[in-house]
Every structure is written in C-alpha cells, then in structure tokens.
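Asks: The following block contains the structure, expressed as structure tokens.
2 protein chains.
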Amino acid sequence: MLRDKRAVKSRRALIEAGLAELPENPMASLTEIAEIAGIGRATLYRHFASREALIEEVLKVSFEDIIQVLTPMEKEGLRGKQAMMRAVELMLPLADRLRFLSSFWLDGERVLSKDPRYALMEQETITSVEQAKEDGDIRKELPTRWVMNTYDVLLFSAWDMIVKEKADIGEVTALLMTTFFDGVGPKPRETQE
Amino acid sequence: MLRDKRAVKSRRALIEAGLAELPENPMASLTEIAEIAGIGRATLYRHFASREALIEEVLKVSFEDIIQVLTPMEKEGLRGKQAMMRAVELMLPLADRLRFLSSFWLDGERVLSKDPRYALMEQETITSVEQAKEDGDIRKELPTRWVMNTYDVLLFSAWDMIVKEKADIGEVTALLMTTFFDGVGPKPRETQE
DNA sequence: TATATATGAGACAAGTGCGTCTCATAAAAT
DNA sequence: ATTTTATGAGACGCACTTGTCTCATATATA
Chain A
4 MLRDKRAVKS RRALIEAGLA ELPENPMASL TEIAEIAGIG RATLYRHFAS
54 REALIEEVLK VSFEDIIQVL TPMEKEGLRG KQAMMRAVEL MLPLADRLRF
104 LSSFWLDGER VLSKDPRYAL MEQETITSVE QAKEDGDIRK ELPTRWVMNT
154 YDVLLFSAWD MIVKEKADIG EVTALLMTTF FDGVGPKPRE TQE
Chain B
4 MLRDKRAVKS RRALIEAGLA ELPENPMASL TEIAEIAGIG RATLYRHFAS
54 REALIEEVLK VSFEDIIQVL TPMEKEGLRG KQAMMRAVEL MLPLADRLRF
104 LSSFWLDGER VLSKDPRYAL MEQETITSVE QAKEDGDIRK ELPTRWVMNT
154 YDVLLFSAWD MIVKEKADIG EVTALLMTTF FDGVGPKPRE TQE
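Residue numbers (the numbering used here), protein chains in the order written: chain A, 4 to 196; chain B, 4 to 196.
What follows is the structure, given as structure tokens:
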C-alpha cells in the first residue's frame, strides 16, 4: 500500500488535514477531516484505524520533521546560546508542526510530557540552557524549568506572529532572540551571534 | 432561581467544572462536566440551555473576574511598566481563568479576538505598552503586537509554573518581570519597582 | 409549620460520530 | 494489455451525546 502513488498521496493529505484542523477545532469529526483532505471517509479508515491512530501519526510526523531539521546541527558543534539560536532558526519554518504539538500543552492526558520523543527534545534544550548558564549567557539564578518554558512559549508566540500577522520569519527570529536574551527593556546587549 | 441557595451553588459548581475540565479536555461531554460538578445532568440543562451557553457563561465569568481584579488599579494611577507589573501581580492568582481564556488561543472560530471584552483588555495592554515605550522602559523598535504577544505568553508560562511545579506566585511574578524586561541574559537591570 | 422550588434519577427520541463492510470504478503496477 | 489495488460512495449497526420531559424527594423560603 505504501508503494502505490495514490496511497502515499492520500496518506499525506490526511495527515496535513489533521495537522491544520485539529489544533483549531479539537472536536472535528473524522468526516470533517476527510472532507478537508478531499478524501473519502472510508479511505481514511483504510489508513488509520481510529481517531487516536490518526492523531498519533500526526504527532509522529511532527516530531520526525522537527528532529530531522535539527539533527544536521550536531555537525555544527554549537553549544549554549548559539545552539538555541540556531535551533529557533531551523524550527520556525515548521511552525505548523510546532503548533500541533503545542495544542497538547493543556491536554489533561499529558500526551506531550508522556512522550519519549518530547522528552528527548526537552533534554537537548536543557543541555543548551545549562551550557548557556555556564557560558554566562543565561543567569544562573533563573530556574532551568522557567527558562525552558519561556523558550517554548516564545517559540509559540513567534509562530503566532508568522501566521496571523504574516510576519517575516527572519525578522521574527531576530525579535525572539533579543526578547529572550535581552528582554523588551532598553539598551539591548549584542544579540546577533 | 437565582435567589435560592441551592441554585447559586449548583450554578457555581457547574461553571467551576467547566473552567477546570474544558481546557484539559475540549471534547468533554456535558454528562462528564455534570459529574465533575457533582450535579445531575438535568440540572445542568436547567441552568444552561446548551453546551454553547455553558461555555459562553464560563467565558463571561472569566472575563468579569479578571476585569474585577484589575479595575481597582485605576485608582492607583499607574502607567507603563508599573501598570503592567501590577496587572501581572493581580492576575496571576486567577490563573485558572487565564488558562480557560488561553485555551481559545488556537480556536478556529476566533472566539477571543471577536470578543469585545477581550478587545477591551487588549486595548488597556496596548496603552500600557505604548506608555512604557514613551517612558523608555520598552524599546520603541519592538512592534507593539510582538511585545503584547510576549506579555500574554509569559503570563501563560507563569500560570504553567504555578500549576505544574506548584511554584510560589510571588516568586513567579518576579521571574516573569525580570524575564520580560531584562531577558534571561546576564546583568539584570533593576526590575523591582 | 406550610408552601414553593431546585434537585436527582431516569425515560425518551432525534441526531451524530464511529467503525466495518460491499461494490463498482479508476488508477496504478507488471 | 492485463492484473492488481487504492479509492469513493454508500449502507449498516452500535454507542454516545443532546435536549426535553416527568415524578418523587429534599431543601429553602415564607
């Protein structure tokens, strides 16, 4: 089934539909999602056994895409602040994936915090934050947990600007960086590089 | 009906249940919400004609509570940075209300941005941000929209710390302030007052 | 105390989503 | 060209949600 052009096209369309619709309307029925994908409901069930299975697959694709875009970073040998800045640049174009993940932020079943892939991404952020602290780029008295939440949440804010205000990705990346490290207050310290 | 002790108690319980459950599980049925409230389903329908009506009422209560806690501020005559800091202090104890509102952030129907009460709150924040810019407390080159998003999103992050990490409200308020104005970078400028 | 009324439990019909199935068709693979 | 297979349309039963209603009970009001 995966070897057939039609199948991969259908599958992709369904995942994209879920990626776009589920965060905006968590109560969307599978009928709606199939319609948005422009694909028959029966076909949806041929690819995904249930609503849960579809969501799990969209989650998987989101994680994989993000991880895929981040892995080349390892060769760059960046650490601390530089690593965090580079990661933002690389992830922002995947704003729709990030949005899907963040739509589970309030979820009562803790889908995110239970997920090993999320834990992995989180662990790398922790490493960078602690390196940045050692390097004097992040104040040591700020709890790492708080710094990470701030980082995640600014990423979300950046995505929001890009989508709703159609802001330029590069511009928003710069805004995010200076806001994160320097705050919105006066006299910005050097932030670029 | 509003004059009867039992009615006001039931109504309050239902609203609290919606406030707590809907953000965590947007697909929760009215049966579930009634059970969480410890109240019969029939009684729920006596108070709220439909799911929409319940949500609208929870929204109303959330807005009213937040506005109620903010209005005494007018007598303090604060402006700009000071006004924003005070507003955070006053709002953080209403974290559950803020959470309910922010659960509509991604909503496809734009429930928040269409709501006049939200527009009102937003307008007051805009005023404070622009005052802070005039006062030299916020850099003028940062778009007001971006600053506001950052503010909202840090508020959300603060709530998250309070709930999930059981952090102290005063402590988180201080973290939020220094992060917002000074960033996470070294050499914090004076933030307290 | 006597009256009024909010409540809980449950029945009820209508609507909707879910998951499975069949069959004819169109598009792939060979 | 022939075979294979993914698809769309639709029917089907099941379970659940919704919204309304009734009636006995408990609680508040007077």
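Just so you know, even glycine gets a beta-carbon here, dropped at the ideal spot from N, CA and C.
#1: My output table needs one value for leucine 33 of chain B: the three-state DSSP class, helix, strand or coil.
#2: Nearest by alpha-carbon distance to glutamate 27 of chain A: which of A:Asn152, A:Val166, A:Met124 is it?
#3: Hey, could you find the ends of the alpha helix (DSSP H) alanine 56 of chain A is sitting in?
#4: Threonine 153 of chain B: which of A:Val150, A:Phe159, A:Arg148 sits nearest, CA to CA?
#5: Name the chain A residues whose beta carbon is nearer than 8 Å to that of methionine 87 of chain B?
#6: Out of B:Gln85, B:Ala23, B:Lys63, B:Glu125, which has the shortest C-alpha to C-alpha gap to aspartate 138 of chain B?
#7: Give the residues of chain A in contact with proline 119 of chain B, contact being defined as C-beta atoms less than 9 Å apart.
#8: With the cut-off set at 8 Å, would you say leucine 145 of chain B and leucine 145 of chain A are in Cβ contact?
#9: Is the CB of glutamate 27 of chain B under 8 Å away from at least one CB in chain A?
#10: So with CB distances below 9 Å, who are the chain B contacts of serine 106 of chain A?
#11: Near isoleucine 129 of chain A, what residues of its chain come up, given a Cβ to Cβ distance below 8 Å and the 5 sequence neighbours on each side ignored?
#12: Compare the beta carbon distance of leucine 95 of chain A and isoleucine 172 of chain A with 8 Å and say whether it is the shorter of the two.
#13: For tryptophan 108 of chain B, report the span of its alpha helix (DSSP H) as first-last.
#14: Would you mind working out which of B:Leu57, B:Glu92, B:Met76, B:Val132 sits nearest phenylalanine 103 of chain B, comparing C-alpha positions?
#15: Should lysine 136 of chain B be labelled buried (16 or more other beta-carbon atoms within 10 Å of its own) or exposed?
#16: Enumerate, from N- to C-terminal direction, the unbroken beta strand (DSSP E) stretches of 3 or more residues contained entirely within the region 113-164 of chain B.
#17: What residues in the region 169-181 of chain B have a beta carbon less than 7 Å from any beta carbon of chain A?
#18: When DSSP labels each residue in this structure, what does phenylalanine 51 of chain B get in the three-state scheme?
#19: Report yes if the CB atom of phenylalanine 66 of chain A is closer than 8 Å to the CB atom of glycine 186 of chain B, and no otherwise.
#20: To which residues of the same chain is leucine 101 of chain B closer than 6 Å at the C-beta, ignoring the five residues directly before and after it?
#21: My understanding is that leucine 81 of chain B touches arginine 89 of chain B, with C-beta atoms under 8 Å, so please give their C-beta distance in whole angstroms.
#22: In the DSSP assignment, find the alpha helix (DSSP H) that holds isoleucine 42 of chain B and state where it starts and stops.
#23: Could one say the Cβ of leucine 97 of chain B lies closer than 8 Å to chain A's Cβ atoms, at least one of them?
#24: Over the uninterrupted alpha helix (DSSP H) stretch that includes valine 187 of chain A, give me the two end residues.
#25: With DSSP collapsed to three states, give me the class of glutamate 168 of chain A.
#26: So if I threshold CB-CB distances at 7 Å, which residues from the region 138-172 of chain A count as touching chain B?
#27: Could you check if valine 61 of chain A is buried or exposed, using at least 16 other CB atoms within 10 Å of its CB as the buried criterion?
#28: Please report the distance separating the alpha-carbon of serine 106 of chain A from that of tryptophan 149 of chain A.
Replies: On the basis of the data shown:
#1: Your numbering for residue 33 of chain B matches position 30 in the second sequence. The answer is helix: DSSP assigns leucine 33 of chain B an H, G or I state.
#2: Along the first sequence, one-based indexing puts residue 27 of chain A at 24. Of A:Asn152, A:Val166, A:Met124, the residue nearest in Cα terms is A:Val166.
#3: The count along the first sequence starts at 1 and reaches residue 56 of chain A at position 53. Boundaries of the alpha helix (DSSP H) harbouring alanine 56 of chain A: 54-73, taken from the DSSP string.
#4: Along the second sequence, read from residue 1 onward, the residue named residue 153 of chain B stands at position 150. Answer by Cα proximity: A:Phe159.
#5: Here residue 87 of chain B is taken as the residue at index 84 of the second sequence, counted from 1. Neighbourhood of methionine 87 of chain B in chain A, by CB distance below 8 Å: empty, with the nearest CB roughly 10 Å away.
#6: Counted from its first residue, the second sequence places residue 138 of chain B at position 135. The shortest C-alpha separation from aspartate 138 of chain B is found at B:Gln85.
#7: Position 116 of the second sequence holds residue 119 of chain B. Those within 9 Å of proline 119 of chain B in chain A number zero; the least Cβ separation is about 19 Å.
#8: In the second sequence, the residue the question calls residue 145 of chain B occupies position 142. In the first sequence, the residue the question calls residue 145 of chain A occupies position 142. Against a cut-off of 8 Å, the Cβ pair of leucine 145 of chain A and leucine 145 of chain B comes out as no contact.
#9: As a working mapping, residue 27 of chain B is identified with position 24 in the second sequence. Glutamate 27 of chain B has a beta carbon lying within less than 8 Å of a beta carbon in chain A.
#10: Position 103 of the first sequence, counting from 1, holds the residue named residue 106 of chain A. Per Cβ cutoff of 9 Å: Leu109.
#11: As a position in the first sequence, residue 129 of chain A is number 126, starting the count at 1. Within the same chain, isoleucine 129 of chain A has close Cβ partners Thr147, Met151.
#12: Mapped onto the first sequence, residue 95 of chain A falls at position 92. Mapped onto the first sequence, residue 172 of chain A falls at position 169. A contact, by the Cβ cut-off of 8 Å.
#13: One-based indexing of the second sequence puts residue 108 of chain B at position 105. Looking at the DSSP string, tryptophan 108 of chain B is not in any alpha helix (DSSP H), and its letter there is neither H nor E.
#14: Numbered from 1 along the second sequence, position 100 holds the residue referred to as residue 103 of chain B. Answer by Cα proximity: B:Leu57.
#15: Taking the second sequence and counting its residues from 1, the one referred to as residue 136 of chain B is at position 133. Classification of lysine 136 of chain B: buried, given that the 10 Å Cβ count is 16 or more.
#16: The region 113-164 of chain B contains no complete beta strand (DSSP E) run of 3 or more residues.
#17: From the region 169-181 of chain B, only Leu178 have a Cβ closer than 7 Å to chain A.
#18: On the second sequence, position 48 is the one that residue 51 of chain B refers to. Residue state, collapsed to three classes: coil.
#19: Looking up residue 66 of chain A in the first sequence gives position 63. Looking up residue 186 of chain B in the second sequence gives position 183. Cβ atoms of phenylalanine 66 of chain A and glycine 186 of chain B: not closer than 8 Å.
#20: Mapped onto the second sequence, residue 101 of chain B falls at position 98. Apart from sequence neighbours up to five positions away, the residues of its chain that approach leucine 101 of chain B with a beta-carbon distance below 6 Å are Trp162, ordered along the chain.
#21: For this step, residue 81 of chain B is matched to residue 78 along the second sequence. For this step, residue 89 of chain B is matched to residue 86 along the second sequence. Correct: roughly 5 Å between the Cβ atoms.
#22: Residue 42 of chain B sits at position 39 when you count from the first residue of the second sequence. No alpha helix (DSSP H) holds isoleucine 42 of chain B; DSSP gives it neither H nor E.
#23: Stepping through the second sequence from its first residue, residue 97 of chain B is reached at position 94. Cβ-Cβ to chain A under 8 Å: no for leucine 97 of chain B.
#24: To locate residue 187 of chain A, count along the first sequence from 1; it is residue 184. Element bounds for valine 187 of chain A: n/a, residue is neither H nor E.
#25: For the purposes of this step, residue 168 of chain A is identified with residue 165 of the first sequence, where counting begins at 1. Coil.
#26: Taking 7 Å as the Cβ-Cβ cut-off, the region 138-172 of chain A approaches chain B at Gly139, Asp140, Ile141, Arg142, Leu145, Arg148, Trp149, Val150, Asn152, Thr153, Val156, Leu157, Phe159, Ser160, Asp163, Met164, Glu168, given in chain order.
#27: Counting from one through the first sequence, the residue named residue 61 of chain A turns up at place 58. Buried: at least 16 other Cβ atoms inside 10 Å.
#28: Here residue 106 of chain A corresponds to residue number 103 of the first sequence, with the count starting at 1. Here residue 149 of chain A corresponds to residue number 146 of the first sequence, with the count starting at 1. So the two alpha carbons sit approximately 20 Å from each other.
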